[in-house]
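Residue numbers (our numbering): 952 to 1220. Comments concern the structure below.
Put into structure tokens, the structure is as follows:
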């Protein structure tokens, strides 16, 4: 008998079969209290992406409805079956259905942020099932400005530090699966006072952190998790683009980035 598998991506879940519509929620509690109860109940069935609690329309009876998003369609299905028409945290039963129509969620799900990526990795791979390391963080501030000035004046110009811009490369390793993925992130922010050393120092740490977070998200988005019905997980590398960042040694990668900087190219490796 064929084993059923499910693909988990490091992207925002948009599918109807991963989304529950919950209604018949009374107004006895506040939105915040309702959210806490729903989180406690539905998180028992699997990893959640989000829960959104909304007030009923003015023409309807006072109360709430909720949109609950899972990463797994199996988890969403089990939650729907177990929770529909059940008295869970109020005196009247909830009504729970899989969504059949979602406005604004028809496009391909965008990539998860770094925090959500780590939540997914920890849930399916275990806290010790993966690791990350920073391959490089490089200051690339001012190079575009320098190139533009050179083109206009025909002379060499010093970088104009109106903003700070950093590039980061992160490597993720999935030890049990023999898989490695690298991601690139670029973060930039304007300086209010480019001559203030304290502002530059404080902003540098902030921008480096953002660049690392973007690179981590980029690396995870190249990985697919294949979850079997028995709970076992396999991992595969899957990228729609050919990434030199995954193929080159660290020395070759450093050289490629420097050549891109010197040529004033975009940082899409």
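Every residue gets a Cβ at the ideal spot worked out from N, C-alpha and C, and that includes glycine.
When DSSP states are grouped into helix, strand and coil, residue 1068 belongs to the helix group.
Per DSSP, the continuous alpha helix (DSSP H) segment holding residue 1162 begins and ends at 1148-1171. Taking every protein chain shown into account, the CB of residue 1038 has fewer than 16 other CB atoms within 10 angstroms, so this residue is exposed.
Between residue 979 and residue 1131, the alpha-carbon positions lie close to 50 Å from each other.
The secondary-structure analysis by DSSP pairs residue 1117 across a beta bridge with 1090 and 1138.
Considering only 1170, 1179 and 1062, the residue with the shortest C-alpha distance to residue 1188 is 1170.
Minimum Cα-Cα distance from residue 997 among the listed residues 1030, 965, 986 and 1009 corresponds to 1030. Where residue 1025 is concerned, there is no enclosing beta strand (DSSP E), although the alpha helix (DSSP H) around it starts and stops at 1024-1034. Straight-line spacing of the CA atoms in residue 972 and residue 1012 works out to 17 Å. In the structure shown, residue 970 falls within a strand segment according to DSSP collapsed to helix, strand and coil.
A check of alpha carbon separations from residue 1121 across 1168, 1018, 1141 and 1146 identifies 1168 as the nearest.
Per DSSP, residue 1183 is not a residue of any alpha helix (DSSP H), being assigned neither H nor E. 8 Å or more divides the Cβ of residue 1172 from the Cβ of residue 1060. Taking a C-beta distance under 8 Å as the contact criterion, residue 1115 and residue 1155 qualify as a contact pair. In terms of Cα proximity to residue 1113, the closest of 1182, 1146 and 1048 is 1146. Distance from the Cα of residue 1165 is smallest, within the candidate group 992, 1032 and 1117, for 1117. Residue 1007 and residue 963 have their C-alpha atoms some 25 Å from each other. In its chain, beyond the 5 residues on either side, 998 have a beta carbon closer than 6 Å to the beta carbon of residue 1074. Using a Cβ distance threshold of 8 Å, residue 1068 and residue 1161 do not count as a contacting pair. Inter-residue distance for residue 969 and residue 1078 is about 24 Å (C-alpha atoms, whole angstroms). Per DSSP, the continuous beta strand (DSSP E) segment holding residue 1021 begins and ends at 1015-1021.
Residues of the same chain with a CB within less than 7 Å of the CB of residue 1090, apart from the 5 flanking positions on each side, are 1117 in chain order. For residue 1082, the closest of 1045, 1119 and 1133 by C-alpha to C-alpha distance is 1133.
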